Amino acid sequence: MVYHHGVGGPPSHNARPHQMGHHGMEGLDMLDPLTSSSMTTLAPMGETAPPHHQLHGYGAMNHVMNHHHHPGGLGHAPPAHLGHPAAALHPDTDTDPRELEAFAERFKQRRIKLGVTQADVGKALANLKLPGVGALSQSTICRFESLTLSHNNMIALKPILQAWLEEAEAQAKNKRRDPDAPSVLPAGEKKRKRTSIAAPEKRSLEAYFAVQPRPSGEKIAAIAEKLDLKKNVVRVWFCNQRQKQKRMKFAAQH
DNA sequence: ATGCATGAGCG
DNA sequence: GCTCATGCATA
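Those letters in the first sequence? Residues 625 to 878, by my numbering.
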């Protein structure tokens with residue numbers, strides 16, 4: 625495992641086309657699913673993805689579309705595409721959820737075999753020098769392995785991690801060892817403190833979410849006040865909750 | 001492994 | 001203000 629410091633790759637990000645927002649109802653007064661109703665613990669998870677999804681990027685390229693895609697995702701832009709309305713073909717070996725799932729598992733297994741940690745992989749990615757690809761965090765590697773990323777995110781990361789794996793295994797054969805081993809922690813910066821939403825409040829939020837996953841700003845404010853939480857905390861909580869529903873694990877893909 | 005957060009990009 | 005990709009902090 626090659627350590628190295630000074631990482632901190634600030635890759636670029638993405639964007640995505642539209643969003644939909646609407647829903648003609650607004651129960652502004654029924655703001656208490658827990659106490660006034662009889663729902664305490666429901667199980668959300670009901671995706672019906674509207675027409676969206678995104679594409680993009682890590683760095684500078686890499687585009688991934690909804691479904692369909694070509695092999696070899698990164699480092700170049702795949703040529704043309706079809707615009708056929710009737711081109712609903714192939715279980716696409718690259719976007720196929722099962723293919724991704726299989727790869728993720730293989731990846732993890734081989735990674736462990738190499739004696740490399742998730743964090744190591746993340747940093748090592750920067751050494752691959754792939755165009756537009758910098759380091760990634762342990763979190764991301766972990767999520768990739770456990771499929772807790774969006775389908776598109778998985779597709780975009782797969783070629784990158786695959787490249788790393790091949791490289792790592794190739795070097796492992798040559799029994800290479802790096803003579804460098806500096807690792808001085810930057811030290812100094814301030815730590816961010818993480819808000820922790822208490823269980824009762826979390827249960828309330830879940831209940832609200834089950835009723836309205838996309839509350840208006842005003843509604844969020846009302847909920848925030850009722851639960852005695854900052855409005856932004858509540859807003860972010862809803863955003864994260866929605867994002868969770870879109871992870872491969874939850875998305876009804878298998 | 002996962003909770004809460006940031007920031008880019010877009011309407 | 002949202003979605004999405006991603007990460008720090010933490011359990």
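Positions of the beta carbon are idealized from the N, C-alpha and C atoms, including for glycine. Since the structure is predicted, the reported quantities are computational estimates derived from the model, not experimental observations.
Buried or exposed by the 16-neighbour rule on C-beta atoms within 10 Å, applied to residue i
i: Asp744; result: buried
i: Ser763; result: exposed
i: Pro755; result: exposed
i: Val858; result: buried
i: Thr659; result: Because the pLDDT at Thr659 is just 43, under 50, the model does not fix this residue reliably, and the value given afterwards should be weighed accordingly. Under this definition Thr659 is an exposed residue.
i: Val860; result: exposed
i: Gln742; result: buried
i: Ala759; result: buried
i: Asn777; result: buried
Residue closest to residue i, alpha-carbon to alpha-carbon, out of the options
i: Thr717; options: Ser761, Lys782, Glu769; result: Lys782
i: Cys766; options: Arg735, Ile844, Gly841; result: Arg735
i: Pro839; options: Pro721, Phe727, Asn777, Cys863; result: Cys863
i: Ala875; options: Lys850, Thr772, Ala845, Ala846; result: Thr772
i: Ser761; options: Gly746, Ser770, Asn751; result: Gly746
Cutoff 6 Å; reference residue i; Cβ partners in own chain excluding five residues on either side
i: His775; result: Met872
Beta-carbon gap between residue i and residue j smaller than 9 Å
i: Leu829; j: Ile784; result: no
i: Leu738; j: Ala787; result: no
i: Gln867; j: Pro837; result: no
i: Ala728; j: Phe768; result: yes
i: Glu825; j: Leu851; result: yes
Per DSSP, cross-strand counterpart(s) of residue i
i: Arg871; result: Ser774
Close beta carbons around residue i, own chain, < 8 Å, minus the five adjacent residues each side
i: Lys732; result: Glu769
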